[in-house]
Every structure is written in C-alpha cells, then in structure tokens.
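Since the structure comes first, as structure tokens, the remarks are kept for the end.
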Amino acid sequence: MTARVVDVTALPGLAGEELGASGWHSVSQDEIDRFADATHDRQWIHVDPERAARESPFRCTIAHGYYTLSLAPYLIPQILSVTGTRLVVNYGLNSVRFTSPVRVGRRLRLRATMQAVVPIKGGMEATLALAFEVEGELRPACLAEAVYRYYV
C-alpha cells in the first residue's frame, strides 16, 4: 500500500473525498495481551482464550475497542502523507463508536475520508472519518471522527 502524498496547502481540495484504505493488519493474541498490559484492562474476554472459547458469544478472545482505535497512528500514514509541515498534532476525536468485535486472528484495515479542512493559525485542521474494517465482515469494527492539526 502506497500512501497518497499531499502538500499541506492541497488539503482543502481533499474535503469530502475518500482517501482510500490501508493495508491489512493481523490482530494477534500477543498484541492484545500487550495492549492489556499497557492499559491495565485485562478483562477475560480479551486475554483468556480458554475461557473465551467456553463462555464468550464470539468463541474466542476479541481485541479491545481502544486497541482497534489505537492502530490509527500506524494505519493513517499508509493512506495519507502530508508534506510541508513542521508539526502534526492529533487534536482529538469528535466521536467514536465500537460497532463490531474484532476476533483474534482476524485482519483489519482502515478506510479514511477527509470530512473537512479548515485553516487555523499556523496551519490546517483536518477532520477524518475513520472506518476500521474487518476482513470478511459487513460492519466495521470502529467508526471514528479524528481531528489532526498540521502546522507549517
């Protein structure tokens, strides 16, 4: 997957445009466990494969919703690379919904749309619609609206 390379001055022209999708990323139990350790969220549905196989409606462990969302900084650069900046800041999220589970061993990717771009002091503020798609599933695992600030 090759990212689209765009100068920061061209961002406003992308408003309303689907930017594309990242490559696929495999979700492993090891990554889920490391995320659980980092966040202190060790709920059994994420970290206990044997119990999940017995008691979970998914019959396996599932990734944390926040794990899925945390892949955005890894996956967005596979879709879009903005040049002509001195600093890029993750400004926050307007909304997040975890709409479907990500089962261990599945692959997911990110599809992004540039919702809006507005000038700010010293640069541009871009709002991206993010859809984390799970291979073979109809519904995305996560829908989010992320705001980034690109300073020149």
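Numbered by numbering that gives the first Met the number 0, the letters in the sequence shown go through residues 0 to 151 in order.
Glycine residues also receive a C-beta, built at the ideal position from the N, C-alpha and C atoms.
Nothing here was measured: the structure is a model prediction, and the numbers come from that model.
Please determine, among the options, the residue with the shortest C-alpha to C-alpha distance to residue i.
i, options, result
"V5", "D32, A125, P48, D29", "A125"
"E134", "Y147, T84, S99", "S99"
"S69", "A35, W43, E54", "A35"
"L177", "V146, H45, D32", "Residue numbering for the chain in the displayed model covers 0 to 151; residue 177 lies beyond these limits and cannot be assessed."
"T112", "E144, Y90, D32", "E144"
"G91", "L129, Q77, E30, A20", "L129"
Within 10 Å of its beta-carbon, does residue i have 16 or more other beta-carbons around it, so buried, or fewer, so exposed?
i, result
"E132", "buried"
"G22", "exposed"
"P139", "buried"
"R85", "exposed"
"A62", "buried"
"H24", "buried"
Contact check, residue i vs residue j under 8 Å by CB: the rounded distance?
i, j, result
"V88", "V81", "Incorrect: roughly 12 Å between the Cβ atoms, too far for contact."
"W115", "A9", "Correcting the residue type first, residue 115 is Ala in the shown sequence and not Trp. Not quite, the Cβ-Cβ distance comes to about 15 Å (not below 8 Å), so this is no contact."
"A71", "C59", "So it is not a contact: roughly 24 Å between Cβ atoms."
"G83", "V7", "4 Å"
Quick one: give me the first and last residue of the alpha helix (DSSP H) that residue i is part of.
i, result
"T67", "64-69"
"H39", "No alpha helix (DSSP H) holds H39; DSSP gives it neither H nor E."
In the DSSP assignment, find the beta strand (DSSP E) that holds residue i and state where it starts and stops.
i, result
"I119", "106-119"
"R3", "3-6"
"E132", "122-133"
Going by the DSSP bridge assignment, what does residue i pair with across the sheet?
i, result
"I61", "R102"
"G19", "A111"
"R148", "V88, E124"
"L142", "R96, A130"
"T82", "D6"
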